[in-house]
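Residue numbers (our numbering): 749 to 955.
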């Protein structure tokens, strides 16, 4: 396999993760200046990001079918591509959940969640940039540990935010809606950790 062909997969992982980062940045910005009137526009823009991410993934899958000797095991490439795509999907699901529940006001905990998700996706960008050099990289493990830490921070926030919701809110409809939204936000953190853990497993398998 030539260097160009080998680099294709690592470069495509970088492109795929860039869409995760774009989605997380949009979620953060949407929450920083949240109005329910603008939510449909944000959803449309988010869907464009998600669609572009899908296109990149499908292109990679089509190429992998024809590849004689990929740089990693085929199942690892497929699983990692799907895991990265799940990050973008899960971020889009947050806005869809808010639209379906007609959320008109944003709780402060949601802004904190969006910042954690953005930080996780920044970490995924660093992982993707280092991935091609995984046998020699001294940074890769360090970044993976940081994403694990951020996911744990997200878990704690989920528990605390849900408790605050039940303590402060009396409207059962809002309690139900925000319980679902917090769950979707927490899944974003989980999906980022899934990518980091999968990269770690691939590194261990190929080292």
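We treat Cβ as the ideally placed atom computed from N, Cα and C, and that holds for glycine.
Here the structure is a predicted model, which means the values were calculated and not measured.
Leaving out five residues on either side along the sequence, give the residues of the same chain with a beta carbon under 8 angstroms from the beta carbon of residue 847. 787, 788, 791
Tell me, to the nearest whole angstrom, how far the beta carbon of residue 877 is from that of residue 762; I am working on the premise that it is less than 8 angstroms. 6 angstroms
My output table needs one value for residue 838: the three-state DSSP class, helix, strand or coil. helix
From residue 749 to residue 929, what does the alpha carbon distance come to, in whole angstroms? Residue confidence for residue 749 is low, a pLDDT of 48 falling below 50, so the modelled location carries little weight; the figure read from the coordinates is stated next. Distance between the alpha carbons of residue 749 and residue 929 is about 46 angstroms.
Okay, do the stretch 868-877 and the stretch 812-827 touch, 3+ Cβ pairs below 8 angstroms being the bar? no
Among residues of its own chain, excluding the 5 on either side of residue 947, which ones have a beta-carbon nearer than 6 angstroms to its beta-carbon? 875
When you compare each of 939, 927, 900 to residue 839 by their alpha carbons, which one comes out closest? 939
Can you tell me which of the three DSSP states residue 955 falls into? Coil, per DSSP.
Please list the terminal residues of the continuous alpha helix (DSSP H) segment that includes residue 819. First-last for residue 819: undefined, no H or E at that position.
Where does the unbroken alpha helix (DSSP H) through residue 872 begin, and where does it stop? 856-879
Determine the DSSP secondary structure at residue 938, reduced to helix, strand or coil. helix
Identify, in the order they occur along the chain, each residue of the same chain with its Cβ nearer than 8 angstroms to the Cβ of residue 923, setting aside the five sequence neighbours on each side. Within the same chain, and ignoring the five residues on either side of residue 923 in sequence, the residues whose Cβ sits closer than 8 angstroms to its Cβ are 913, 914, 917.
Taking DSSP as the reference, what is the three-state secondary structure of residue 849? Coil at residue 849, not helix or strand.
Within the continuous alpha helix (DSSP H) that includes residue 894, where are the two ends? 888-916
State whether the stretch 892-906 contacts the stretch 794-804, with contact taken as three or more CB pairs (one from each stretch) at a distance under 8 angstroms. no
Would you tell me roughly how many angstroms separate the C-alpha atoms of residue 834 and residue 920, rounded to the nearest one? 30 angstroms
What is the DSSP secondary structure of residue 782, counted as helix, strand or coil? If DSSP states are grouped into helix, strand and coil, residue 782 belongs with coil.
Look at residue 883 and residue 954 and say whether their C-beta atoms are less than 9 angstroms apart. yes
Can you tell me whether residue 883 is helix, strand or coil according to DSSP? coil
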